[in-house]
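The structure under discussion appears below in the form of structure tokens.
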Ligand SMILES: NC(=O)c1ccc[n+]([C@@H]2O[C@H](COP(=O)([O-])OP(=O)(O)OC[C@H]3O[C@@H](n4cnc5c(N)ncnc54)[C@H](OP(=O)(O)O)[C@@H]3O)[C@@H](O)[C@H]2O)c1
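Okay, here's the thing in structure tokens:
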């Protein structure tokens, strides 16, 4: 598994990471998460990302691999400890959320805490960033980051107070490639690609019932990439290799509920990032068909 230095941090991260939202929202059993993460760590995974509001994701991760804490970099987020719809950006609430994450993850130290997609207005006020910096001073986390998209993500890179940016990058979400990633690269900001497979929305013949999957499903229909019709793992392999070919991206955190999926995706990456010609074809199709409303999906 290829590893890349995460910007100016001291972390060298596996290009294929693990995204922890699906195990929480889909209520995967502790036993399955144990199998999934244990085998992935054995096979080269060293990045686990989760959040304060992905239901029991933090608890499941703590139980599954808390005993192997030295084997991976652990990232979480703060801002919605009461659930996604109940944001609380007060500094004291953010610090409390970080402490709660430490307990749930069964660790005394996080590698990275990220502001979980607060708006540009909230970010500009600055006290939310100061709260994260306080968490870092208190030794609760080694690094601080922003997770989000669009102008807020751009501001997060520009203000030079974050070590990392987690942002949507995939064949169905290319805004960041021009808007934020060149600057992030120039400033040594580590970049974590979220939703790197566009939720594998090509799997659905009809519009999925789940609203979270719908924007990418509609975009992929309009983009009509021929390789998404490939049999077997071909579509996922090209999608993932595209995201990892984007300049400035250091790791892609794929979400999954299935033991064995991480190894399957790792095998798909054996050929490395996508070559220049195939990469440019996907970029050209995006420029030709993307609508102005296709901004970064949070
Ligand atoms: N605002 C934020 O901060 C924010 C927002 C969204 C996401 N995130 C982070 O980003 C992570 C990844 O995002 P995501 O999970 O929404 O999207 P994703 O990684 O693009 O897609 C995950 C989906 O792809 C499927 N999949 C994985 N490998 C596959 C393969 N080889 N073939 C077919 N399907 C495959 C998984 O299904 P199976 O279960 O069948 O494998 C899962 O349903 C999250 O877990 C979270 O950590 C952060």
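Numbering (this note's numbering), first residue to last: 2 to 299. The beta-carbon is built from N, C-alpha and C at its ideal position, and this holds for glycine as well.
Taken through DSSP and simplified to helix, strand or coil, residue 147 comes out as strand. Bounds of the beta strand (DSSP E) holding residue 77 are 74 to 79.
With a cutoff of 8 Å, residue 265 counts as near ligand 1, since its C-beta is closer than that to a heavy atom of the ligand.
Remark: the C-beta of residue 167 is in contact range of ligand 1, defined as less than 8 Å to any heavy atom.
Straight through space, the alpha carbons of residue 133 and residue 58 are spaced by roughly 21 Å. Counting the other CB atoms within 10 Å of its CB gives residue 155 a total of 16 or more, which places it among the buried residues.
Secondary structure of residue 198 (DSSP, three-state): coil. Annotated three-state conformation of residue 169 is strand, per DSSP. By DSSP's assignment, residue 252 forms a beta bridge with 193.
Residues of the same chain with a CB within less than 8 Å of the CB of residue 87, apart from the 5 flanking positions on each side, are 81 in chain order. The C-alpha of residue 100 lies about 10 Å from the C-alpha of residue 106. Nearest Cα to residue 91 within the set 35, 119, 56 and 221: 119. The beta-carbon distance between residue 79 and residue 56, rounded to whole angstroms, is 16 Å. This is too long to meet the 8 Å contact definition. Here residue 115 carries a strand assignment [DSSP, helix/strand/coil].
Sixteen is the threshold: when 16 or more other Cβ atoms of the shown chains lie within 10 Å of the Cβ of residue 136, as they do, the residue is buried. Here residue 8 carries a coil assignment [DSSP, helix/strand/coil]. Comparing alpha carbon positions, the residue from 172, 121, 140 and 157 closest to residue 253 is 172. Contact annotation: residue 296 and residue 83 have beta-carbon atoms that are not nearer than 9 Å. Shown here, residue 243 sits in a helix according to DSSP, grouped into three states. Taking C-alpha positions only, residue 287 is separated from residue 224 by approximately 7 Å. Per DSSP, reduced to three states, the secondary structure at residue 163 is coil, with no helix or strand assignment. The beta-carbon distance between residue 4 and residue 13, rounded to whole angstroms, is 5 Å. This is short enough to meet the 8 Å contact definition.
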